[in-house]
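A.B. asks:
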Amino acid sequence: MGLFWASEGRKRKKLFWFLQFAFWILNFILDILVIPNKIDTNLLLYEFFNFTIAFLLSILLWYFFKKFQIHNLSPLSIIVILVGSSIAIGIIWKVSFYVLLGLFDGELVSHIKFYIKIFWPNFFSAVYPFIVWSSFYLGFKIYEEYSIQKESAERSASLAQSAQLEMLRYQLNPHFLFNTLSSLRALIRRKDNDIAEEMVTKISEFLKYSLLEGEDSKVPLSREIKTINHYFDIEKVRFGNQLII
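Numbering-wise (our numbering), the sequence shown opens with residue 341 and increments by one.
#1: Based on Cα-Cα distance, which residue from 525, 386, 473, 564 lies nearest to residue 444?
#2: Would you check if there are 3 or more beta carbon pairs closer than 8 Å linking the segment 387-394 to the segment 365-372?
#3: Less than 8 Å between C-beta atoms, sequence neighbours within five positions excluded: which residues of the same chain meet that for residue 345?
#4: Beta-carbon separation of residue 405 and residue 477 under 8 Å?
#5: If you draw a straight line from the C-alpha of residue 446 to the C-alpha of residue 372, how long is it?
#6: Considering only the beta carbon of each residue, do residue 470 and residue 429 sit closer than 8 Å?
#7: Can you tell me which of 475, 560, 494 puts its alpha carbon nearest to the alpha carbon of residue 418?
#8: Around the Cβ of residue 437, are there at least 16 other Cβ atoms within 10 angstroms (buried) or fewer (exposed)?
#9: Please determine, among 464, 517, 531, the residue with the shortest C-alpha to C-alpha distance to residue 542.
#10: Applying the criterion that 16 or more other CB atoms from any shown protein chain within 10 Å of the CB defines a buried residue, is residue 526 buried or exposed?
#11: May I ask which residues mark the beginning and end of the alpha helix (DSSP H) holding residue 450?
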């Protein structure tokens, strides 16, 4: 089971990074396509730098979301966390971009003033990529936690059922053995050696199946029927004509 979960964890991690790169590359391409100006090398570098920062900040957002157990939160709490964190990280995205750009070309003050000027007109464009990203990630996280909980509950129910059946087996077997051995002793006292010998053989076959083969989920039907017939034959010796099958 541990190896299974480790394998599943590696698959989920690979899927996350694939979708992470795909999401931000798609955003980068769409942002380039909607720019009305002629696309040149400087513009491509500008946008690449811009979305590289967004990519890195989304990883920070990922670590933030990993701390939460979503199934323990109310829908309202999830919405507040999603929107609030997306707004905060969107603002950090643009502030970081213009500050780094200003430090790079030596015009920090003018870049900050420019960002303040365009803050509200560009507010949605700074926030919406992270809202979309967060919605997809939290949706997947909710589904994943639900699947794990469901599988865990089913496994617990199966183990509980197996434990109950095992307890029943251990309760029934001593009772069955006691009565069967009593019948066998009676046969020996009556000198019914042939019947006693046949009964010993059937008891051994029945116990072999119960203790060794009964746990196998792929026992042939013919083997099941044979074991049931052994059981009935043993009970016939005990009850005689009183048992009618």
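Cβ atoms here follow ideal geometry from the backbone N, Cα and C, with glycine treated the same way.
C.D. replies: Result, derived from the coordinates:
#1: Residue 386 is the option with its Cα nearest to residue 444.
#2: yes
#3: The predicted position of residue 345 is uncertain, since its pLDDT is 46 and thus under 50; a value taken from the coordinates is nonetheless stated next. The beta carbon of residue 345 sits closer than 8 Å to no other beta carbon from its chain once the five residues preceding and following it are set aside.
#4: Yes, they are a contact pair.
#5: 26 Å
#6: Result yes, Cβ atoms of residue 470 and residue 429 sit closer than 8 Å.
#7: 475
#8: buried
#9: 517
#10: exposed
#11: Its alpha helix (DSSP H) spans residues 448-458.
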